[in-house]
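A short worksheet on the structure shown next.
Numbering (our numbering), first residue to last: 98 to 299.
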């Protein structure tokens, strides 16, 4: 039986796919990106991650959220504002520390695939091992809403922001993450906050 909850979770999944691939396609056309064999293989790898890794993670949300929770309309207040601040801090804190840990020689083999190109393109945001995708890309983003008990409607907004942020960071613009792919030992965070704190910002 299809419930409102399962429908909203499915919408979140489709929302991620549409934003990810629409942005990647527009970026490719605008930048006259040639579709080389390597680029197609990287894109297919990202699609494989989205098709086979994300759905099981989405099932976790179906256990967390209840059918009753989706009936409550979201009312934005100071409480919700606090939730958003906490989520951004949590996501950046976890992303920074796990990402930096994966640059340690003992763990770098898990992260090496993602750094195989120094000038990334949007669909390379998910070009990493399944383990790394779960640890670095999905855990920080998906655990934050659970910790603050975010309303499911705001969860859809959070997924859109996280997806767009990830593909923009890998668009080879003059941004901190592009420098991270160039120099490897700077700009580990999703934002600049923890790089400033630890002195790794460039």
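We put the beta carbon where it would ideally sit given N, CA and C, even for glycine.
**Prompt:** Helix, strand or coil: which one does DSSP assign to residue 164?
**Reply:** Three-state result, residue 164: coil.
**Request:** Please report the Cβ distance between residue 211 and residue 229, rounded to the nearest whole angstrom; I am assuming they are in contact, meaning their Cβ atoms lie under 8 Å.
**Result:** Right, their Cβ atoms sit about 6 Å apart.
**Request:** State buried or exposed for residue 179, treating a residue as buried only when at least 16 other CB atoms are found within 10 Å of its CB.
**Result:** Residue 179 sits exposed, since fewer than 16 C-beta atoms from the chains shown fall within 10 Å of its C-beta.
**Message:** I'd like to check one pair, residue 233 with residue 192: are the Cβ atoms closer than 8 Å?
**Reply:** Taking 8 Å as the Cβ cut-off, residue 192 and residue 233 qualify as a contacting pair.
**Item:** Cut-off 8 Å between Cβ atoms - residues of its own chain near residue 164, not counting five sequence neighbours on either side
**Value:** So the list reads 100, 101 and 102, once near-sequence residues are dropped.
**Asked** Taking the alpha carbon of residue 113 as the point to measure from, which residue in 261, 277 and 104 has its own alpha carbon closest?
**Response** Comparing Cα-Cα distances from residue 113 to each of 261, 277 and 104, the minimum goes to 261.
**Spatial distance of residue 283 from residue 174 (CA atoms)** = Rounded to the nearest whole angstrom, the CA to CA distance from residue 283 to residue 174 is 36 Å.
**Message:** Quick test of the definition: if touching needs 3 or more C-beta pairs under 8 Å, does the region 140-150 touch the region 251-261?
**Reply:** The region 140-150 vs the region 251-261: no contact.
**Asked** From this set, 131, 244, 176 and 104, which residue's C-alpha is nearest residue 167's C-alpha?
**Response** Out of 131, 244, 176 and 104, 104 has the C-alpha closest to the C-alpha of residue 167.
**Asked** Distance, Cα to Cα, residue 189 vs residue 226?
**Response** Using only the alpha carbons, I get a separation of about 20 Å.
**Message:** Applying the 10 Å Cβ sphere with the 16-neighbour rule, what's the burial state of residue 270?
**Reply:** Residue 270 is classed as exposed because its beta carbon has fewer than 16 other beta carbons within 10 Å across all chains shown.
**Prompt:** Does the distance from the CB of residue 358 to the CB of residue 121 come in under 8 Å?
**Reply:** As shown, the chain starts at 98 and ends at 299. That puts residue 358 outside it, with no answer to give.
**Prompt:** Quick one: Cα of residue 129 to Cα of residue 246, how far?
**Reply:** Roughly 42 Å between the two C-alpha positions.
**Request:** State the DSSP-derived secondary structure class of residue 275, mapped to helix, strand or coil.
**Result:** For residue 275, the secondary structure class from DSSP, reduced to helix, strand or coil, is helix.
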